[in-house]
Amino acid sequence: MDMKNMSFATRAIKAGEGPDPTTGALNTPIYETSTFAYHSTKEFEQGIDDAMSWVPGACLYSRTTNPTTQALERKVAALEGAEDAYIASCGMAAVNLALLSNLNAGDHVIASNDIFCCTRSSLEDILPSKGIEVDIVDVTDIKNIQEKLKDNTKVIYLEVLSNPRLELADLAGIAELAHSRGIFFIVDNTFLSPYLLRPLEFGADMVVHSGTKYLVGHGDALCGLISGTKEKVDRVRYYSDNLGTHISPFDAWLALRGARTMPLRVAKQCENALAIAKYLEAKPEVGYVYYPGLESHRQHDVAVKMLKNGFGGMVSFHLEGGYEKMAKFVDSVKLMPIATSLGDVVTLIHPKHHEGDLIRLSVGCEDVNDLIADLELGFAAIQGM
Ligand SMILES: *Cc1c(COP(=O)(O)O)cnc(C)c1O
């Protein structure tokens, strides 16, 4: 079924899936099989050729392709508005596949500074150790990128909503700059989800996500998404097949189930996060709140232009008074587990000592009054400190 003209919510539910051709099972089955059998030598030879040239639907071995995973690939491509998508075992697999399949020794990459910790390790340690040059800059000002451009710059890589300061990059402006120099532009859009922003529409060449977060949404599977042209995604498939970073069919199935409710969940998370950001901003104990939906956010005007469906579920804030006070606050809330990760239906609280005693909330889908009552416990505990 051609779903191109259907709305995002319909695509989230229907795209990539349909009754199973052999049994009519309406829900996509979990094909837990490592290998696939053929009727004859000739068919087998053809199967190998098809799988190795990434013919859609070809199945040979589940490190290479698998029907459950392929359904998720089709759904994600439909959600991103991409020609094709590949699903890796986790977000870091997606990040590294996107980088490695577009960079060789001697190339140069410019990347953003406010970035996921493991991506930073890859950029600052792993890639340079293999002969790839890296410059890390504040991408919220395009001039910083311009200054670092070199003849061998092959990739610009950034997180569109940064972690943990929640700053936005001007995707359209950076895409124009990249393309004027033949540079490949890769965007990690984990913090927003495809429901809130589709970087390919702004000119990015490839988009990656930790699907573990908003796509899966229930904290029960790891998953990495890569979308772009079929040519580029096939290159990623080749790397993934050889590096061994394909997702398991069961995790892909959990991601398929999660994806169907992503628009509902993310809309609720945006609504809750905005209410919590406003509540926090009004508290005298709070030094500053980072949330792109607040008028006080230094890029609120950019956010209003780029984010039409909501400002995301992530809120970071700082309490005046240092580490002990932050720890007391975090230890006193009861509803929000202290945990890393984000995008789940459950609200998570993440103390970030190394980021200037910042507290990061991944706001979930609970009733916002209960969440605010819980934060009140934190504020009550730090009175007089
Ligand atoms: C979590 C995260 C990743 C890594 O994803 P995993 O699924 O944990 O491997 C990459 N980028 C961002 C922005 C993330 O938040």
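Under UniProt numbering, the sequence shown is numbered contiguously, ending at residue 385. Note that beta-carbon positions come from the ideal geometry of N, C-alpha and C, so glycine has one too.
What is the DSSP secondary structure of residue i, reduced to helix, strand or coil?
i: Lys283; result: coil
i: Gly228; result: strand
i: Met92; result: helix
i: Phe44; result: helix
i: Lys352; result: strand
i: Lys154; result: strand
i: Glu167; result: coil
i: Ala111; result: strand
i: residue 408; result: Past the boundaries of the shown model lies residue 408; the chain is included only from 1 to 385, so the question cannot be answered.
i: Asp135; result: strand
i: His179; result: helix
i: Glu159; result: strand
i: Leu361; result: strand
i: His300; result: helix
i: Phe329; result: helix
i: Ser62; result: coil
i: Tyr214; result: coil
i: Ile382; result: coil
i: Thr35; result: strand
i: Pro205; result: One detail in the question is off: residue 205 reads as Asp in this sequence, not Pro. DSSP places Asp205 in coil when its eight states are reduced to three.
i: Ser316; result: strand
i: Phe116; result: coil
i: Tyr291; result: coil
i: Tyr86; result: strand
i: Val187; result: strand
i: Ile247; result: coil
i: residue 389; result: As shown, the chain starts at 1 and ends at 385. That puts residue 389 outside it, with no answer to give.
i: Ile126; result: helix
i: Ile30; result: coil
Heavy atom of ligand 1 less than 7 Å from the Cβ of residue i, yes or no?
i: Ser240; result: no
i: Met206; result: no
i: Leu342; result: yes
i: Asn163; result: yes
i: Ser227; result: no
i: Val95; result: yes
i: Asp251; result: no
i: Glu159; result: yes
i: Cys270; result: no
i: Thr190; result: yes
i: Met92; result: yes
i: Ser112; result: no
i: Lys168; result: The sequence as given places Leu at residue 168; Lys does not occur at that position. No; taking the cut-off as 7 Å, the Cβ of Leu168 has no heavy atom of ligand 1 nearer than that.
i: Ser122; result: no
i: Phe185; result: no
i: Phe116; result: yes
i: Ser210; result: yes
Among the candidates the options, whose CA atom is the shortest distance from the CA of residue i?
i: Lys154; options: Thr347, Glu324 and Arg181; result: Arg181
i: Val363; options: Glu355, His354, Asp374 and His353; result: Asp374
i: Phe8; options: Tyr288, Val236 and Leu196; result: Leu196
i: Leu99; options: Tyr279, Phe184 and Val139; result: Phe184
i: Ser53; options: Thr10, Ile30, Tyr238 and Ala175; result: Tyr238
i: Ser112; options: Tyr157, Glu147 and Thr64; result: Tyr157
i: Ile338; options: Val345, Asp344 and Pro351; result: Pro351
i: Ala93; options: Asn152, Gln46, Thr245 and Lys42; result: Thr245
i: Met240; options: Glu17, Ser62 and Thr10; result: In the sequence under discussion, the amino acid at residue 240 is Ser, which differs from the Met named in the question. Nearest option by C-alpha distance: Ser62.
i: Glu176; options: Ile145, Arg165 and Thr10; result: Ile145
i: Phe317; options: Val330, Leu307, Met306 and Asn309; result: Val330
i: residue 391; options: Lys334, Lys283 and Asn309; result: Residue 391 cannot be examined here, being either before or after the span of the chain that is shown, 1 to 385.
i: Asp344; options: Ile276, Ala277 and Thr261; result: Thr261
i: Ile247; options: Thr212, Lys278 and Cys223; result: Cys223
i: Glu124; options: Val315, Leu149 and Asn96; result: Asn96
i: Leu361; options: Glu231, Gly310, Glu285 and Ile276; result: Ile276
i: Val160; options: Val302, Met385 and Met336; result: Val302
i: residue 399; options: Cys90, Arg257, Leu254 and Arg235; result: Coverage of the chain is limited to positions 1 through 385, which leaves residue 399 absent and any answer about it impossible.
i: Ala77; options: Lys4, Ser341, Ser34 and His218; result: Lys4
i: Asp251; options: Gly91, Leu60 and Ala58; result: Gly91
i: Gly211; options: Leu79, Ala255 and Lys42; result: Ala255
i: Leu335; options: Leu342, Thr347 and Phe379; result: Thr347
i: Lys14; options: Ser122, Thr68, Pro194 and Arg74; result: Arg74
i: Lys308; options: Ala327, Ser193, Ala25 and His354; result: Ser193
For residue i and residue j, which I take to be in contact (beta-carbon distance under 8 Å), what is that distance rounded to the nearest angstrom?
i: Ile382; j: Lys325; result: 5 Å
i: Ile226; j: Tyr86; result: 5 Å
i: Gly313; j: Asp357; result: Gly313 to Asp357, Cβ: 22 Å. No contact.
i: Pro249; j: Asn66; result: 5 Å
i: Gly16; j: Ala88; result: Not really, about 17 Å apart at Cβ, beyond 8 Å.
i: Val333; j: Leu280; result: Between Leu280 and Val333 the Cβ distance is about 13 Å, and since that is not below 8 Å, they are no contact.
i: Gly258; j: His218; result: 6 Å
i: Lys230; j: Met206; result: Not really, about 12 Å apart at Cβ, beyond 8 Å.
i: Val187; j: Ala204; result: 4 Å
Tell me whether residue i counts as near ligand 3, meaning its Cβ is closer than 7 Å to at least one heavy atom of that ligand.
i: Gly364; result: Looking for ligand 3 in the displayed structure turns up nothing; the ligands present are ligand 1.
Decide if the region 268 to 276 is in contact with the region 101 to 120; the criterion is three or more beta carbon pairs, one per stretch, under 8 Å apart. no
For the region 123 to 143 and the region 99 to 109, state whether three or more C-beta atom pairs, one from each stretch, are separated by less than 8 Å. yes
Count Cβ pairs between the region 163 to 174 and the region 289 to 309 that sit closer than 8 Å; are there 3 or more? yes
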